[in-house]
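>
2 protein chains.
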Amino acid sequence: MLVDTKEKILDAAEELFADQGFASTSLRDITTEAAVNLAAVNYHFGSKLDLLRAVFARRLGPVNAERFERFDALEDPDVEDVLRAFVAPLFKRLREPGDGWAKFMQLVGRTHSDTNDEIRACLIEQIRVIGARFAGALQATLPDLPPDVFSSRFHFFVGAMAHTLAFCRHQDMPLVSSLPEPDAILDNLVDFAVAGLRAPARSAPARSAMSLEAIK
Amino acid sequence: MLVDTKEKILDAAEELFADQGFASTSLRDITTEAAVNLAAVNYHFGSKLDLLRAVFARRLGPVNAERFERFDALEDPDVEDVLRAFVAPLFKRLREPGDGWAKFMQLVGRTHSDTNDEIRACLIEQIRVIGARFAGALQATLPDLPPDVFSSRFHFFVGAMAHTLAFCRHQDMPLVSSLPEPDAILDNLVDFAVAGLRAPARSAPARSAMSLEAIK
DNA sequence: GTCTATATCCTGATAGAC
DNA sequence: GTCTATCAGGATATAGAC
Chain A
1 MLVDTKEKIL DAAEELFADQ GFASTSLRDI TTEAAVNLAA VNYHFGSKLD
51 LLRAVFARRL GPVNAERFER FDALEDPDVE DVLRAFVAPL FKRLREPGDG
101 WAKFMQLVGR THSDTNDEIR ACLIEQIRVI GARFAGALQA TLPDLPPDVF
151 SSRFHFFVGA MAHTLAFCRH QDMPLVSSLP EPDAILDNLV DFAVAGLRAP
201 ARSAPARSAM SLEAIK
Chain B
217 MLVDTKEKIL DAAEELFADQ GFASTSLRDI TTEAAVNLAA VNYHFGSKLD
267 LLRAVFARRL GPVNAERFER FDALEDPDVE DVLRAFVAPL FKRLREPGDG
317 WAKFMQLVGR THSDTNDEIR ACLIEQIRVI GARFAGALQA TLPDLPPDVF
367 SSRFHFFVGA MAHTLAFCRH QDMPLVSSLP EPDAILDNLV DFAVAGLRAP
417 ARSAPARSAM SLEAIK
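One line per chain: the protein sequences are A and B, in this order. Using our numbering, the first residue of the first sequence is number 1, and each one after it goes up by one. Using our numbering, the first residue of the second sequence is number 217, and each one after it goes up by one.
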């Protein structure tokens, strides 16, 4: 079976990358777990980095397609509408059977802050376009926020989301006891982000002239 | 000079770990950059992981000491007081000359979400105690928040902070133009987090019995 | 397409002279 | 404390038989 070999490699790579990290997982680990030959990875994918790209593309393809559909359907959205259009298409996959999506989301969250730029780029290049659309749509719902303040707050939200993805599957959270259900996590994230993004802008004693101009 | 060799290794390791990541930086990279002999790393630090621990300990020691002092001095604090007691002792170091602290903060932010548990543990073990105190003090300022909601929101804040640390030194932010000054970043983070943490709790249609009980 | 065998390189760590 | 030289192992990638 040729197509099965590719899928078996993708499944094993996804799980091992999520559990041990990309750099700490060898191709031997993957082919052993998948019960395929070592050389099959290079035959089907070309390189280890291309395998990582394929892992992201398999699940991010449908997710990003749904995100675009939801953005297209938005009419005069508020902050929460835009946030949910971006986040829900990913989080709702947690309701599917098996833990494949949970592992994938952990991998996404961790790779997003990876220390190695080459590895991080494999993910970033697949969310750059949808991410730009998301940022633009979100900023449009916050017209009174100075651009640099929006910029900061947008990154706070991205960080909160990435961290949630990276650790929502984690058993041993260091500082707290336990985490709520997937749907509750999404609701909590949206509530938190909506309030944070809509907080009144500081009177800004040391804000730049350009930003002050943007306030009008 | 013996003490200088240790410092030179620490400086080079900090910079290279922050720029390329721990796994992608070899001891040869470090000793070349530091202009010391390869064997000096194992002589002075024992292993590569122990070197990483030493990099964290050097700067986190004074920062955490100041955090404890500020927590001890708190009297009937609100959410913002607790947040600043934890965050300010680190962020204020950005005002010191040179970019050593900026590199260090980037390393902290990235290591916090590292895909490899062994690497992440080198950092976590040095912030576990102060982190637990921070979480406890913060929760005390939000007595009306159900514990599981607080738990989620606390992690959102941690993610926002880690992401900010990891990328505040980054030139090429993918989605936005530029980032404001260090002091403004801290103010923005605090404003965002205070609003997010104090957002009213959702009426909770599917909350667990224990959490409902905690609301009382 | 799948497999074995291997090329080529780089890693962290160390032994032992100075 | 510092250095040279090297060990032992693991990595990715590939050549070539089947």
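Here a beta-carbon is modelled for each residue, glycine too, at the ideal position from N, C-alpha and C. Note that the structure is a prediction, hence the values are computed from the model and not measured.
Would D78 of chain A count as contacting chain B if we go by Cβ distances under 7 Å?
False, the Cβ-Cβ gap to chain B never drops below 7 Å.
> Taking Cβ to Cβ, would you say L265 of chain B is nearer than 7 Å to D245 of chain B?
No, they are not a contact pair.
> List, in order along the chain, the chain B residues whose C-beta lies closer than 9 Å to that of G100 of chain A?
Near G100 of chain A there are no residues of chain B at all, since even the closest Cβ is about 18 Å away, more than 9 Å.
> Quick check on N258 of chain B: buried or exposed, where buried means 16 or more other Cβ atoms within 10 Å of its Cβ?
N258 of chain B should be labelled exposed.
> Out of A:S152, A:F45, A:G21, which has the shortest C-alpha to C-alpha gap to I9 of chain A?
Residue A:F45 is the option with its Cα nearest to I9 of chain A.
> I need the DSSP call for V252 of chain B, collapsed to helix, strand or coil.
Three-state DSSP puts V252 of chain B in coil, outside helix and strand.
> Between which residues of its own chain and R414 of chain B is the CB-CB distance below 8 Å, once the five residues before and five after are set aside?
So the list reads V295, L358, once near-sequence residues are dropped.
> In angstroms with no decimal places, state the Cα-to-Cα distance between K92 of chain A and N188 of chain A.
Whole-angstrom Cα-Cα distance: 14 Å.
> Comparing the C-beta of A140 of chain A with each C-beta of chain B, is any distance below 7 Å?
So, not an interface residue.
> Buried or exposed for E312 of chain B, please, with buried defined as at least 16 other CB atoms from any protein chain shown within 10 angstroms of its CB.
So E312 of chain B counts as exposed.
> Just the chain B side, please: which residues come within less than 8 Å of N116 of chain A by C-beta, in chain order?
Result: Q236, G237, A239, S240.
> Whose C-alpha, out of A:A162, A:R53, A:L138, A:K6, is nearest the C-alpha of L90 of chain A?
Nearest C-alpha to L90 of chain A: A:A162.
> What did DSSP end up calling P77 of chain A once you bin it into helix, strand or coil?
If DSSP states are grouped into helix, strand and coil, P77 of chain A belongs with coil.
> Who are the Cβ neighbours of V252 of chain B in its own chain at under 7 Å, not counting the five residues just before and after it?
The answer, listed in chain order, is T221, K224, I225.
> Leaving out five residues on either side along the sequence, give the residues of the same chain with a beta carbon under 8 Å from the beta carbon of V63 of chain A.
Cβ neighbours of V63 of chain A beyond the five flanking positions: P89, L90, R93.
> Tell me which same chain residues have a C-beta within less than 6 Å of the C-beta of I346 of chain B, skipping the five on either side of it?
Result list for I346 of chain B: N280, R283, in chain order.
> Which chain A residues are close to R326 of chain B, counting only those with a beta carbon under 7 Å from its beta carbon?
Neighbours of R326 of chain B on chain A, chain order: S113, T115.
> Would R326 of chain B be called buried (16 or more neighbouring beta carbons within 10 Å of its own) or exposed?
Classification of R326 of chain B: buried, given that the 10 Å Cβ count is 16 or more.
> Going along the chain, which residues of its own chain have a beta-carbon closer than 7 Å to the beta-carbon of D114 of chain A, five neighbours each way excluded?
R120, listed in sequence order.
> Can you list the residues of chain B that R153 of chain A reaches, using a CB-CB cut of under 7 Å?
Near R153 of chain A (Cβ distances below 7 Å), the residues of chain B are N404, F408.
> Of the residues B:E230, B:L268, B:D235, which one's Cα is nearest the Cα of A250 of chain B?
The option with the nearest alpha carbon to A250 of chain B is B:E230.
> At which residues does the alpha helix (DSSP H) containing C338 of chain B begin and terminate?
Per DSSP, C338 of chain B belongs to the alpha helix (DSSP H) from 333 to 356.
> So what's S177 of chain A in DSSP terms, helix, strand or just coil?
Residue placement at S177 of chain A cannot be trusted, given a pLDDT of 44 that sits under 50; what the coordinates show is reported in the next sentence. S177 of chain A: coil per DSSP, three-state reduction.
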